[in-house]
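**Q** Here it is, the structure, as structure tokens.
Protein chains: 2
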Amino acid sequence: MKIGILGTGAVGKTIGTRLVALGHEVKMGSRTAANEKAMEWVKTSGKNASTGTFADAASFGEIVFNCTKGEVALDALRLVGKENLKNKILIDVSNPLDFSKGFPPSLTVCNTDSMGEMIQREFPETKVVKSLNTMNCAIMLDPAKVAGDHSVFVSGNDKDAKEQVKKFLESCGWKGSNIYDLGDITSSRGVEQLLPFWVRMYGAFGHANFNFNIVK
Amino acid sequence: MKIGILGTGAVGKTIGTRLVALGHEVKMGSRTAANEKAMEWVKTSGKNASTGTFADAASFGEIVFNCTKGEVALDALRLVGKENLKNKILIDVSNPLDFSKGFPPSLTVCNTDSMGEMIQREFPETKVVKSLNTMNCAIMLDPAKVAGDHSVFVSGNDKDAKEQVKKFLESCGWKGSNIYDLGDITSSRGVEQLLPFWVRMYGAFGHANFNFNIVK
Numbered sequence: 001m002k003i004g005i006l007g008t009g010a011v012g013k014t015i016g017t018r019l020v021a022l023g024h025e026v027k028m029g030s031r032t033a034a035n036e037k038a039m040e041w042v043k044t045s046g047k048n049a050s051t052g053t054f055a056d057a058a059s060f061g062e063i064v065f066n067c068t069k070g071e072v073a074l075d076a077l078r079l080v081g082k083e084n085l086k087n088k089i090l091i092d093v094s095n096p097l098d099f100s101k102g103f104p105p106s107l108t109v110c111n112t113d114s115m116g117e118m119i120q121r122e123f124p125e126t127k128v129v130k131s132l133n134t135m136n137c138a139i140m141l142d143p144a145k146v147a148g149d150h151s152v153f154v155s156g157n158d159k160d161a162k163e164q165v166k167k168f169l170e171s172c173g174w175k176g177s178n179i180y181d182l183g184d185i186t187s188s189r190g191v192e193q194l195l196p197f198w199v200r201m202y203g204a205f206g207h208a209n210f211n212f213n214i215v216k
Numbered sequence: 217m218k219i220g221i222l223g224t225g226a227v228g229k230t231i232g233t234r235l236v237a238l239g240h241e242v243k244m245g246s247r248t249a250a251n252e253k254a255m256e257w258v259k260t261s262g263k264n265a266s267t268g269t270f271a272d273a274a275s276f277g278e279i280v281f282n283c284t285k286g287e288v289a290l291d292a293l294r295l296v297g298k299e300n301l302k303n304k305i306l307i308d309v310s311n312p313l314d315f316s317k318g319f320p321p322s323l324t325v326c327n328t329d330s331m332g333e334m335i336q337r338e339f340p341e342t343k344v345v346k347s348l349n350t351m352n353c354a355i356m357l358d359p360a361k362v363a364g365d366h367s368v369f370v371s372g373n374d375k376d377a378k379e380q381v382k383k384f385l386e387s388c389g390w391k392g393s394n395i396y397d398l399g400d401i402t403s404s405r406g407v408e409q410l411l412p413f414w415v416r417m418y419g420a421f422g423h424a425n426f427n428f429n430i431v432k
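Which chain is which? The protein sequence lines are A and B, in order.
Residue 1 is where the first sequence starts when you use our numbering, and the numbers rise one by one after that.
Residue 217 is where the second sequence starts when you use our numbering, and the numbers rise one by one after that.
What follows is the structure in structure tokens.
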């Protein structure tokens, strides 16, 4: 599948590398087509990896991952432009973390709104599916990194888009029974507000190789 | 052990009944000594159950559970009075849920503050330990209600108090390896912000008999 990735940070690179390894064609987008980090990533990632602007990556992808940081996510998506995201599935893995007062971070938006909703509101013709933001990027598309059962969540207004994302997650190694549909895009509030908990578990463990499992 | 419970709702009654079954002496406190719900609970709970005012319950308990609703928790604790809570361990299981706009609720305080911190600030000589608020009350002191491993968290400024709470939780059936110390009382922000997620899982499942497990 052709996949666009917005963002050249650790999340974008880790997801991009994993997607190439799974046989997908991946275009990593950033503000400029000649972003150094993206070029470096392409060099080490083989013929199925390419780079371009945010707009290039989005128009290339059948699925687009938003891997930008929460604080710049909307700006980056504005650079993509509505037309390049129209009718596309945008998997939003961003978290609105506010590190301005150090660690642990708080959130720039929460409780009665969320990044997922802000993106969906501004791009009403895009099928925003919030997912994967509740774990370290190394685990997102490679769940075997953590032993045993653990959970991933999808939130979004478009049922078909959520079904496609679920199937895509399964193709990356997620067991169907570990994928939970939390409801419409307002349920992004739930998964984004897991982060203030996640960062404290991270602080307690001293590593990020853990995940939540829902036991019932 | 002598245990005081503040609050006569489902949480207080469920915890109280379980504690009596475990052999503890329990005094359930409310605004008035002759609270009907508390009297009814005492009637069906045997000789180790008693009732009284909030102040009676707090001064009776070697450990005190705050099982009042988040919206009235501080008012209830003010009725207890600082003297009756001085040097005591107060296990705060409350959640600052705001149902004013229906289900799912948002939070009345979050992100840069929490109920746990508000209580600790107002009662500086009380050893507030936030715990157990991340699951349904039926599971809190009876973890076998959910099969397999699942997790409980403690947050608080007093290390000895947290150790005592951990031992107490173990005496109620929690495996030591499933009890996580998240840090000082500011980590209440983490566990209280699990609630917007919890309520959506509850909505998705249609029941509350589930819990989080941390897998690493």
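The beta-carbon is built from N, C-alpha and C at its ideal position, and this holds for glycine as well.
Can you check which of these residues, PHE168/A, SER94/A and PHE60/A, is closest to VAL109/A by C-alpha distance?
**A** Reading the first sequence from its first residue, position 109 is the one you call residue 109/A. Minimum Cα distance to VAL109/A is reached at SER94/A.
**Q** I'd like the list of long-range same chain contacts for LYS230/B, defined as Cβ closer than 7 Å, with 5 residues on each side in sequence excluded.
**A** As a first step, residue 230/B is located in the second sequence; it is residue number 14 there, counting from the start. Reading the sequence as shown, one finds Thr at residue 230/B and not Lys. Excluding sequence neighbours, THR230/B sits near CYS353 and ALA354.
**Q** Going along the chain, which residues of its own chain have a beta-carbon closer than 7 Å to the beta-carbon of VAL152/A, five neighbours each way excluded?
**A** The count along the first sequence starts at 1 and reaches residue 152/A at position 152. Residues SER131, LEU132, LEU169, TRP174, ASN178 and ILE179 of the same chain have their beta carbon placed closer than 7 Å to that of VAL152/A, with the five preceding and five following residues left out of the count.
**Q** Are the CB atoms of ILE279/B and VAL370/B nearer to each other than 9 Å?
**A** What you label residue 279/B is simply residue 63 of the second sequence in a count that begins at 1. What you label residue 370/B is simply residue 154 of the second sequence in a count that begins at 1. No, the pair does not count as a contact, with Cβ atoms beyond the cut-off.
**Q** Using a Cβ-Cβ cut-off of 9 Å, state whether VAL431/B counts as contacting chain A.
**A** Residue 431/B sits at position 215 when you count from the first residue of the second sequence. Using a Cβ-Cβ cut-off of 9 Å, VAL431/B counts as an interface residue toward chain A, since at least one Cβ of chain A sits closer than that to its own.
**Q** Could you work out which residues of chain B lie near ALA144/A, taking near to mean beta carbons separated by less than 8 Å?
**A** Residue numbering aside, residue 144/A sits at position 144 when the first sequence is read from its first letter. The contacting residues do not exist; ALA144/A stays about 12 Å from chain B at best.
**Q** Would you list the residues sitting across from LYS346/B in a DSSP beta bridge?
**A** Here residue 346/B refers to the residue found at position 130 of the second sequence. Paired residue(s): ASP308/B and SER371/B.
**Q** Check whether the Cβ atoms of LEU85/A and THR112/A sit closer than 9 Å, and answer yes or no.
**A** Within the first sequence, numbered from 1, the residue matching residue 85/A stands at position 85. Within the first sequence, numbered from 1, the residue matching residue 112/A stands at position 112. In this structure, THR112/A does not lie closer than 9 Å to LEU85/A by Cβ.
**Q** Considering only the alpha carbon of each residue, which of MET118/A, LEU195/A and ASP56/A lies closest to ASP98/A?
**A** Looking up residue 98/A in the first sequence gives position 98. Checked all of MET118/A, LEU195/A and ASP56/A; the closest Cα to ASP98/A is LEU195/A.
**Q** Taking the CB atoms as reference points, tell me whether LYS218/B and PHE276/B lie closer together than 9 Å.
**A** The residue labelled residue 218/B in the question sits at position 2 within the second sequence. The residue labelled residue 276/B in the question sits at position 60 within the second sequence. Yes.
**Q** Using a Cβ cut-off of 7 Å, which residues of the stretch 108-122 of chain A contact any Cβ in chain B, in chain order?
**A** CYS110, ASN111 and THR112
**Q** Give a yes or no on whether the C-beta atoms belonging to LEU306/B and PHE270/B are separated by under 9 Å.
**A** Within the second sequence, residue 306/B is the residue found at index 90, counting from 1. Within the second sequence, residue 270/B is the residue found at index 54, counting from 1. Not in contact: LEU306/B and PHE270/B (Cβ atoms no closer than 9 Å).
**Q** ASP56/A lies in the alpha helix (DSSP H); which residues open and close that run?
**A** Start at 1 with the first residue of the first sequence, and residue 56/A comes out as number 56. Unbroken alpha helix (DSSP H) run through ASP56/A: 54-60.
**Q** Quick one: is GLN193/A near chain B, going by C-beta distance under 9 Å?
**A** As a first step, residue 193/A must be located in the first sequence, where it is residue number 193. It does: the Cβ of GLN193/A has a partner Cβ on chain B nearer than 9 Å.
**Q** Are GLY12/A and VAL415/B close, meaning C-beta to C-beta below 9 Å?
**A** Here residue 12/A corresponds to residue number 12 of the first sequence, with the count starting at 1. Here residue 415/B corresponds to residue number 199 of the second sequence, with the count starting at 1. Going by C-beta atoms, GLY12/A is not nearer than 9 Å to VAL415/B.
**Q** Quick one: Cα of THR224/B to Cα of PRO320/B, how far?
**A** Counting from one through the second sequence, the residue named residue 224/B turns up at place 8. Counting from one through the second sequence, the residue named residue 320/B turns up at place 104. Distance from the CA of THR224/B to the CA of PRO320/B, rounded to the nearest whole angstrom, comes to 23 Å.
**Q** Can you list, in chain order, the residues of its chain with a C-beta nearer than 6 Å to that of LEU235/B? Leave out the 5 residues immediately preceding and following it.
**A** Counting from one through the second sequence, the residue named residue 235/B turns up at place 19. Here the set comprises ILE219 and VAL242.
**Q** Would you list the one or two residues that DSSP bridges to ALA265/B?
**A** Position 49 of the second sequence, counting from 1, holds the residue named residue 265/B. In the DSSP output, where bridge partners are listed per residue, ALA265/B has VAL242/B.
**Q** Strictly by DSSP, which residues pair up with TYR396/B?
**A** Position 180 of the second sequence, counted from the first residue, corresponds to residue 396/B. Partner(s): PHE369/B.
**Q** Would ALA273/B pass as a contact of ILE221/B if the rule is Cβ separation under 9 Å?
**A** Against the second sequence, residue 273/B aligns to sequence position 57. Against the second sequence, residue 221/B aligns to sequence position 5. Yes, Cβ-Cβ distance for ALA273/B and ILE221/B is below 9 Å.
**Q** By how many angstroms is the C-alpha of VAL129/A removed from the C-alpha of ASP160/A?
**A** In the first sequence, the residue the question calls residue 160/A occupies position 160. In the first sequence, the residue the question calls residue 129/A occupies position 129. So the two alpha carbons sit approximately 11 Å from each other.
**Q** Using the Cβ count rule (16 or more neighbours within 10 Å means buried), how would you classify THR168/B?
**A** One cannot answer for residue 168/B here, as it falls past the ends of chain B, which runs 217 to 432.
**Q** With a threshold of 9 Å between beta carbons, is ALA363/B in contact with chain A?
**A** As a first step, residue 363/B is located in the second sequence; it is residue number 147 there, counting from the start. Taking Cβ atoms only, chain A reaches closer than 9 Å to ALA363/B, which makes this a yes.
**Q** Strictly below 9 Å CB to CB, what residues from chain A border ASP398/B?
**A** The count along the second sequence starts at 1 and reaches residue 398/B at position 182. As written in the sequence, residue 398/B is Leu, which differs from the Asp given in the question. Residues of chain A passing the Cβ test: PHE197, ARG200, MET201, GLY203 and ALA204.
**Q** Whole angstroms are fine: how far does the CA of THR32/A sit from the CA of ALA424/B?
**A** Here residue 424/B refers to the residue found at position 208 when the second sequence is read from its first residue. Here residue 32/A refers to the residue found at position 32 when the first sequence is read from its first residue. Taking the straight line from one Cα to the other gives about 48 Å.
**Q** Which two residues bound the contiguous alpha helix (DSSP H) that contains ASN84/A?
**A** Here residue 84/A is taken as the residue at index 84 of the first sequence, counted from 1. ASN84/A -> alpha helix (DSSP H) spans 82-85.
**Q** Per DSSP, ASP98/A forms a beta bridge with which residues?
**A** Along the first sequence, one-based indexing puts residue 98/A at 98. ASP98/A is bridged by DSSP to SER106/A.
**Q** In this structure, does DSSP put PHE426/B in helix, strand or coil?
**A** Residue numbering aside, residue 426/B sits at position 210 when the second sequence is read from its first letter. Coil at PHE426/B, not helix or strand.
**Q** To the nearest angstrom, how far is it from the Cα of MET115/A to the Cα of GLY156/A?
**A** Against the first sequence, residue 115/A aligns to sequence position 115. Against the first sequence, residue 156/A aligns to sequence position 156. When rounded, the separation of the alpha-carbon atoms in MET115/A and GLY156/A is 12 Å.
**Q** If you draw a straight line from the C-alpha of GLY70/A to the C-alpha of PRO96/A, how long is it?
**A** As a position in the first sequence, residue 70/A is number 70, starting the count at 1. As a position in the first sequence, residue 96/A is number 96, starting the count at 1. Each residue's alpha carbon lies about 4 Å from the other.
**Q** Chain B beta carbons: is any one of them nearer than 9 Å to that of ASN157/A?
**A** The residue given as residue 157/A occupies position 157 in the first sequence. No, ASN157/A does not count as interfacial toward chain B.
**Q** So, with DSSP's three-state summary, where would you put VAL362/B?
**A** Counting from 1 along the second sequence, the entry for residue 362/B is found at position 146. In the three-state reduction of the DSSP assignment, VAL362/B falls in the coil class, being assigned neither a helical nor a strand state.
**Q** Hey, does ARG405/B have any beta-carbon neighbour from chain A nearer than 9 Å?
**A** Numbered from its first residue, the second sequence carries residue 405/B at position 189. Taking Cβ atoms only, chain A reaches closer than 9 Å to ARG405/B, which makes this a yes.
**Q** Taking the C-alpha atoms as reference points, what is the distance between GLY364/B and GLU36/A?
**A** Indexing the second sequence from 1 puts residue 364/B at position 148. Indexing the first sequence from 1 puts residue 36/A at position 36. Going from the Cα of GLY364/B to the Cα of GLU36/A covers about 48 Å.
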